[in-house]
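Asks: Top line first, the protein sequences correspond to chains A and B.
The opening position of the first sequence corresponds to residue 1 in this note's numbering, with each subsequent residue numbered one higher.
The opening position of the second sequence corresponds to residue 1001 in this note's numbering, with each subsequent residue numbered one higher.
Ideal Cβ placement from N, Cα and C applies to all residues, glycine included.
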Amino acid sequence: MTVTANGPLPSRSYDVAVVGAGVVGCAIARELARHPNLRVALVEAQDDVGQGTSKANTAILHTGFDAVPGSLEARLVREGARQLTAYAGESGIPVEPVGALLVAWDEEQLAALPHLAEKAVRNEYADARIVEPPELYAREPHLGPGALGALHVPGESIVCPWTTTLAYATQAVRHGVDLHLNSRVEQASRQDGGHVLTTTRGTLRARYLVNAAGLHADTLDRLLGHHDFTVTPRRGQLIVFDKLARDLLRHILLPVPTALGKGVLVTPTVYGNLLLGPTAEDLDDKRATGSTAEGLALLREKGARVLPALLDEEITTVYAGLRAATEYDDYRITAHPGQAYVTVGGIRSTGLTASLAIAAHVTALLADTGLDLGPAVDLEPVRMPNLGEAFPRPYQRAELIAADPEYGTIVCHCERVTRGEIRDALASTVPPLGLDGLRRRTRARAGRCQGFYCGAAVRELFEGAGA
Amino acid sequence: MTGPPRDVDVLIVGAGPAGLAAAARLAAPGVARVEVLDREQQAGGVPRHCHHGGFGTWTHPLTGPAYARLLLGAAVRAGAVVRTGVTALDWAGPLALNTLGPHGLETIRAAAVVLATGARERPRAARLVSGTRPDGVYTTGELQQAVHLYRQRIGTRVVVVGAEDVSYAAADTVRAAGAELVAMVTELDRSQTTTARAQYARLRHRVPLLTDTTVTELLGHGRLSGVRVRHRDGRTVQLACDTVVFTGDFVPDHELARRGGLDLAPDTRGPAVDGTLHTSRPGVFAAGGVLHPGERAATATREGSQVATAVRELLEGPRSFHGKRPDLPQ
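Here is the structure:
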């Protein structure tokens, strides 16, 4: 099993290099790992998987009810949702099918609901139905006054995006994929019928190339001579509220979409918090992952209307992510047979849901392009540590604590993360290289105190492990 | 939960000044079974990482850790059982708590429960300070533990947000760690500590105090590179630093109070109590920082003694606030 983070990259050529270890790149690497004859590299600019758009999203497993019917995105989201739901069950990725309510606050929005219901049917989703205010308020007693009705979409779920990405990466690495971190691709060229990638850690050669570089997919595409699309980072700021607010909400509350985007939602998370966001700001800077006073004020204003009691609750944290928006409505997944190259661009917030279907689609495109996949094997299932509140956490499991008292020793009190879980994460297949990576694997330091109680103790465990 | 519930007379949650003082006062005159739980590995609460003076009495000054040891010793000598590394997870009944420790899960029932769960500083995001999420962002609590308990390196150039007692304690810790204090920043018009302490910091250590000034944004990817501050008159400036400490702005650790459905005080959102520190649930009391976030340790200690009196009256009989002696668990 190979994960590298420093030193020169291996000189031997790979069959396939996947650039970008976000949720999509990891899913593609995992799919390719089913073919043991292939030598696959997963190349990532940052120090962990899922560090770009994949780590800072709304963490929803969509049904695809509101996709553009007939689009590639609609098909891949539909297929991917089924696949990810099944995969999550066998891999221990927390998913909660809480359902969504698209709430109409004026007559125009109310009038749009039947069209959305109809669109859902065209997207092969039959369970959406319109609910009247009495049922709406019975379902959501804390909803702000003045709602006129809603579309109930029972299949919408919440999911852990970090565990999903890590599960893919873990399985890929266990099946022979080399994961190279801290390897930013700076140049790409063709030599002797193969790809030569110049990275911050030296040269990497591969016969086939998959561009899953997310926000930077257009840059890499241009290095290979294509000008098919431009990524405009769209910033989404989100506010995470205290777990004590969890009982205020049962469903994902979505606004009725407008021309300006899907709007600001309020949703529970699988960790037991409530999430308010995102904003939608088109920017030029692909590093602008900061929150702004204006953005947070806007979210609080929207939240006050939808769930007034929410604003009395403590804020646990705030984050901002950049979505890889392009000038097109659909994904931009394109095979370039002459170049032994597949571009996976324009994967927006639905990419998490669609990831497994995207991976299958891209693998088929590689085969069409001439890659001999060779025989396929079944992957060994992976069992991920549970971060979700709907399933037993280690601190709740008497049998586990009896076998190993480290699971009875809480380090991070707000999130009830035990020393056993931190130890396991540090020894895992794709270990964290920083405290943020440890947080995404265990939730340590992710709670309401943000380290007041446990910050130094968690750092001690991390640094003591020789990281 | 595994196993049958275990019974004690008084269960105190939190071995800080309030909880330990209550335990010492209750166990001494013979309340048979007084048990104190603390989720940390060491008893003492916040004072255990306050390596500065200002604890104890005027005639007998102590550092925080010495004060914590004194309180712990008194509780243990009186006969209280102090168990660290044990978390009170949730309520198992009106006067019963589910607990967790390395030994496993256990339900403990009591005739009286005292919530002495303390308070913590509001972290950066809860103060709605925008910007990136770099390394190098602390509260005083984390900073003191990092420097004094774990000898960790903090950054080299530090901005302290706040100018009250705890902020000056944070500044002392920054100096103890060998780092440079770039500035203290307060949105108020002057320092909130004693004149002597403020002058000492300004003259002896030449610490600039920026009054009427708010930290508006954190900057930097990976490691903090600076903070943007805005003066009340609208001027903004960027302070280069690799560490920022958010001090003060204490909030009660009220999770158990809320999960138990106890009435909350509208101002602090700690549990609401009457004159005898009784909460809205018969047999459940509260004392210390959870009631008065950010108070001094001496105040919490005094209140711990007070709550002991109230608990004893409840246990001993008819003069209790609620008018009847509770049924002791069998």
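#1: Please specify which runs of the beta strand (DSSP E), each continuous and at least 3 residues long, are wholly inside the region 1166-1211 of chain B, giving them in chain order.
#2: Under 8 Å between beta-carbons, which chain B residues line up against His413 (chain A)? List them in chain order, please.
#3: Would Pro1282 (chain B) count as contacting chain A if we go by Cβ distances under 8 Å?
#4: I need the straight-line Cα distance from Pro1326 (chain B) to Thr1279 (chain B), nearest angstrom please.
#5: Arg207 (chain A): which of A:Pro114, A:Pro161 and A:Thr369 sits nearest, CA to CA?
#6: Ignore the nearest five residues each way along the sequence and tell me which others in Pro1123 (chain B)'s own chain have a CB closer than 7 Å to its CB.
#7: Assuming Leu1342 (chain B) contacts Val1082 (chain B) (C-beta within less than 8 Å), just tell me the rounded distance between them.
#8: If you follow the beta strand (DSSP E) that Gln1145 (chain B) is in, where does it begin and where does it stop?
#9: If we require 3 or more residues per run, which beta strand (DSSP E) segments fall completely within the region 182-253 of chain A?
#10: Should the region 5-15 of chain A be regarded as contacting the region 145-165 of chain A, the criterion being three or more beta carbon pairs within less than 8 Å?
#11: Since Val1159 (chain B) meets chain A, which of its residues come closer than 7 Å, beta carbon to beta carbon?
#12: Go ahead and pull the three-state DSSP assignment for Arg1233 (chain B).
#13: Using the DSSP secondary-structure output, state which residues sit across from Cys412 (chain A) in a beta bridge.
#14: Under a three-way DSSP split, which group does Tyr341 (chain A) fall into?
#15: In the structure shown, what three-state DSSP assignment does Val1290 (chain B) receive?
#16: Is there a Cβ of chain B sitting closer than 8 Å to that of Pro405 (chain A), yes or no?
#17: With a 10 Å radius around its C-beta and 16 neighbouring C-beta atoms as the bar for buried, classify Arg129 (chain A) as buried or exposed.
#18: Determine, using beta carbons only, whether Gln1238 (chain B) comes closer than 8 Å to chain A.
#19: What residues of chain B sit near Cys449 (chain A), judged by a beta carbon separation below 7 Å?
#20: Determine the burial state of Pro141 (chain A): buried for a count of at least 16 other Cβ atoms within 10 Å of its Cβ, exposed for fewer.
#21: Of all the options B:Pro1134, B:Gly1003 and B:Arg1069, which has the alpha carbon lying nearest to the alpha carbon of Ala288 (chain A)?
#22: Check whether the Cβ atoms of Val1229 (chain B) and Leu1210 (chain B) sit closer than 8 Å, and answer yes or no.
#23: What are the residues in the region 238-272 of chain A lying within 9 Å of chain B by C-beta distance?
#24: How many whole angstroms separate the CB atoms of His413 (chain A) and Thr1087 (chain B), which I take to be in contact at a CB cut-off of 8 Å?
#25: Closer than 6 Å by C-beta to Gly144 (chain A): which residues in its own chain qualify, once you throw out the five before and the five after it? Chain order, please.
#26: Using DSSP with H/G/I as helix, E/B as strand and the rest coil, what is Arg348 (chain A)?
#27: Which bits of chain A does Ala1146 (chain B) rub up against, with CB to CB less than 8 Å?
#28: Rounded to whole angstroms, how far is the Cβ of Leu275 (chain A) from the Cβ of Ala245 (chain A), which I believe are closer than 8 Å?
#29: How many Å lie between Pro454 (chain A) and Leu1256 (chain B) at the Cα?
#30: Along the region 1207-1218 of chain B, where does the CB come closer than 9 Å to a CB of chain A? Name the residues.
#31: Within a Cβ cutoff of 6 Å, which residues of the same chain sit near Leu101 (chain A), ignoring the five residues on either side of it in sequence?
#32: Looking at C-beta atoms only, is the number of pairs between the region 1182-1198 of chain B and the region 1213-1220 of chain B that lie closer than 8 Å three or more?
#33: Within this structure, are the beta carbons of Gly176 (chain A) and Ala364 (chain A) separated by less than 8 Å?
#34: Just the C-alpha distance for Val1008 (chain B) and Arg1109 (chain B), rounded to the nearest angstrom, thanks.
#35: Cβ of Arg201 (chain A) less than 8 Å from any chain B Cβ?
#36: At a cut of 8 Å, does the region 1192-1209 of chain B reach the region 1257-1269 of chain B through at least three beta carbon pairs?
Replies: This is what the structure gives:
#1: Here the runs fully enclosed are 1180-1185.
#2: Near His413 (chain A) (Cβ distances below 8 Å), the residues of chain B are Arg1039 and Thr1087.
#3: Answer no: the Cβ-Cβ gap between Pro1282 (chain B) and chain A never drops below 8 Å.
#4: Annotation note: pLDDT 48 at Pro1326 (chain B) (below 50); position unreliable, no value reported.
#5: By alpha-carbon distance to Arg207 (chain A), the top candidate from A:Pro114, A:Pro161 and A:Thr369 is A:Thr369.
#6: The answer, listed in chain order, is Thr1139 and Phe1246.
#7: Because residue 1342 (chain B) is not part of the residues shown, which for chain B are 1001 to 1330, the question remains open.
#8: Taken as a continuous stretch (DSSP letters only), Gln1145 (chain B) belongs to no beta strand (DSSP E), as it is neither H nor E.
#9: If we require 3 residues or more, the beta strand (DSSP E) runs fully inside the region 182-253 of chain A come out as 185-191, 194-199, 202-211 and 232-241.
#10: Using a C-beta cut-off of 8 Å, the region 5-15 of chain A makes no contact with the region 145-165 of chain A, since fewer than three inter-stretch Cβ pairs fall below that distance.
#11: The contacting residues do not exist; Val1159 (chain B) stays about 17 Å from chain A at best.
#12: Correcting the residue type first, residue 1233 (chain B) is Asp in the shown sequence and not Arg. Look at Asp1233 (chain B) here: in three-state DSSP terms it is coil, with no helix or strand label.
#13: In the DSSP output, where bridge partners are listed per residue, Cys412 (chain A) has A:Val417.
#14: It is a strand residue.
#15: DSSP places Val1290 (chain B) in helix when its eight states are reduced to three.
#16: Output row for Pro405 (chain A): interface = yes.
#17: Taking every protein chain shown into account, the CB of Arg129 (chain A) has fewer than 16 other CB atoms within 10 angstroms, so this residue is exposed.
#18: Taking Cβ atoms only, chain A never reaches closer than 8 Å to Gln1238 (chain B), which makes this a no.
#19: By Cβ distance, chain B contributes Arg1120 and Pro1123.
#20: It is exposed - the Cβ of Pro141 (chain A) has fewer than 16 other Cβ atoms within 10 Å.
#21: Looking at the Cα atoms, B:Pro1134 is the closest of the given residues.
#22: The answer is yes: Cβ separation under 8 Å.
#23: Of all residues in the region 238-272 of chain A, Ile239, Val240, Asp242, Lys243 and Leu244 have a Cβ within less than 9 Å of some Cβ in chain B.
#24: Indeed they touch by this definition, with Cβ atoms about 7 Å apart.
#25: Excluding its 5 nearest sequence neighbours in each direction, Gly144 (chain A) has C-beta neighbours in its own chain below 6 Å: Arg305, Val306 and Pro308, listed in chain order.
#26: Reduced to three states, the DSSP call for Arg348 (chain A) is coil.
#27: Going along chain A in sequence order, the residues near Ala1146 (chain B) (Cβ under 8 Å) are Gly455, Ala456 and Arg459.
#28: That belief does not hold up - the Cβ atoms of Leu275 (chain A) and Ala245 (chain A) are roughly 10 Å apart, past 8 Å.
#29: Residue identity check: residue 454 (chain A) is Cys in the sequence provided, not Pro. Taking the CA atoms as reference points, Cys454 (chain A) sits about 19 Å from Leu1256 (chain B).
#30: Of all residues in the region 1207-1218 of chain B, Thr1216, Glu1217 and Leu1218 have a Cβ within less than 9 Å of some Cβ in chain A.
#31: Ala150, His152, His251 and Leu253.
#32: Yes, they touch.
#33: No, these two residues do not count as a Cβ contact at 8 Å.
#34: Taking the CA atoms as reference points, Val1008 (chain B) sits about 6 Å from Arg1109 (chain B).
#35: Cβ-Cβ to chain B under 8 Å: no for Arg201 (chain A).
#36: The region 1192-1209 of chain B makes no contact with the region 1257-1269 of chain B; the number of CB pairs closer than 8 Å stays below 3.
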